[in-house]
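Numbering (my numbering), first residue to last: 4 to 206. Single-structure report; data block below.
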Amino acid sequence: METTINISENKETKKGKAPLLVSSPKAAVEPQPKRGFKKGLAIFDFLLRLCATGAALGAAATVGTAQQTLPFFTQFFQFQAQYNDLPTLVFFLIAMAVVSGYLILSMPFSIICIIRPYATTPRLILVVFDTAMAGLTIASGSAVAAIMYLAHNGNSNTNWLPICQQFGDFCQAVSGAVVGSFIAGTLLLFIIILSAFILRRSS
Numbered sequence: 004m005e006t007t008i009n010i011s012e013n014k015e016t017k018k019g020k021a022p023l024l025v026s027s028p029k030a031a032v033e034p035q036p037k038r039g040f041k042k043g044l045a046i047f048d049f050l051l052r053l054c055a056t057g058a059a060l061g062a063a064a065t066v067g068t069a070q071q072t073l074p075f076f077t078q079f080f081q082f083q084a085q086y087n088d089l090p091t092l093v094f095f096l097i098a099m100a101v102v103s104g105y106l107i108l109s110m111p112f113s114i115i116c117i118i119r120p121y122a123t124t125p126r127l128i129l130v131v132f133d134t135a136m137a138g139l140t141i142a143s144g145s146a147v148a149a150i151m152y153l154a155h156n157g158n159s160n161t162n163w164l165p166i167c168q169q170f171g172d173f174c175q176a177v178s179g180a181v182v183g184s185f186i187a188g189t190l191l192l193f194i195i196i197l198s199a200f201i202l203r204r205s206s
């Protein structure tokens, strides 16, 4: 007579079950900013550069073409005002030309930042040169603004006459160029702040 003893299989000894893996907090991946949001900021940066380019080019073109001639007695004896009569205006024209050229050359880097929103190297290059161009723009605009203040109001202590009473069109054109330079400088400051925000979100 045979006796059969049934031994129940322990569930804990079953093969085929993988041990539970406990993930450590360090293994958790931090959520990245949405790609669409950073791409939108990069597109906005590109649009600001376009506006700043237009303002800088407009300021340079306005100063370069600003001139006025006042006839006096005969056509052979005339008073004329143009940008190269004042070294400050020459400096302003050169500065605006340099800023305009830089902004045009920065467009490909801005497009790269649109295509690759997480790329930090092009953005860092733009921040460095944007800061230099913003300083140049504001410095040249401030210098011409001081000259235009004297041209409009004069200075009795130094016998500086208010020449804008005679050369009204010339002064109006140069004053408009100064406004354009300040607009370009303000846009560059916004671009710098925007780039810093983008880099902060990338870190």
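In this text, a Cβ means the ideal position worked out from N, Cα and C, and glycines have one as well. All values reported here derive from a predicted model rather than from experimental measurement.
Mind checking whether residue i and residue j have CB atoms under 8 Å apart?
i, j, result
"Ala-187", "Thr-140", "yes"
"Ser-145", "Asp-48", "no"
"Val-181", "Met-151", "yes"
"Pro-125", "Ile-117", "no"
"Ser-184", "Ala-62", "yes"
"Asp-133", "Ile-46", "no"
"Val-66", "Phe-95", "yes"
"Phe-193", "Leu-44", "no"
"Leu-207", "Ala-55", "A query on residue 207 cannot be resolved here, the shown segment of the chain reaching from 4 to 206 and no further."
"Trp-163", "Gly-157", "yes"
"Ala-2", "Phe-173", "No information on residue 2 is available, as it lies outside the stretch 4 to 206 that the chain covers here."
"Val-177", "Leu-92", "yes"
"Ile-166", "Ala-149", "no"
"Pro-90", "Lys-42", "no"
"Leu-127", "Phe-112", "no"
Look at the alpha carbon of residue i and the alpha carbon of residue j, and state the distance between them as a whole number of angstroms.
i, j, result
"Val-147", "Leu-202", "34 Å"
"Thr-189", "Ala-137", "8 Å"
"Thr-123", "Arg-204", "11 Å"
"Ser-143", "Asn-87", "15 Å"
"Leu-73", "Gly-104", "34 Å"
"Phe-40", "Leu-191", "21 Å"
"Gly-57", "Gln-71", "25 Å"
"Met-110", "Ala-98", "19 Å"
"Leu-53", "Ser-159", "43 Å"
"Gly-179", "Phe-200", "32 Å"
"Gln-169", "Ala-135", "37 Å"
"Ile-161", "Gln-175", "Correcting the residue type first, residue 161 is Thr in the shown sequence and not Ile. So the two alpha carbons sit approximately 23 Å from each other."
From the DSSP secondary-structure annotation, give me the bridge partner or partners of residue i.
i, result
"Ala-84", "Gln-71"
Mapping the DSSP letters down to three states, classify residue i as helix, strand or coil.
i, result
"Asn-158", "strand"
"Val-32", "Any reading at Val-32 needs caution, since the residue's pLDDT is 42, under 50, leaving its predicted position unreliable; the model's value is listed next. DSSP places Val-32 in coil when its eight states are reduced to three."
Heavy atom of the ligand PLP less than 7 Å from the Cβ of residue i, yes or no?
i, result
"Gly-183", "Absence of the ligand PLP is noted for the structure shown, with no ligands found whatsoever."
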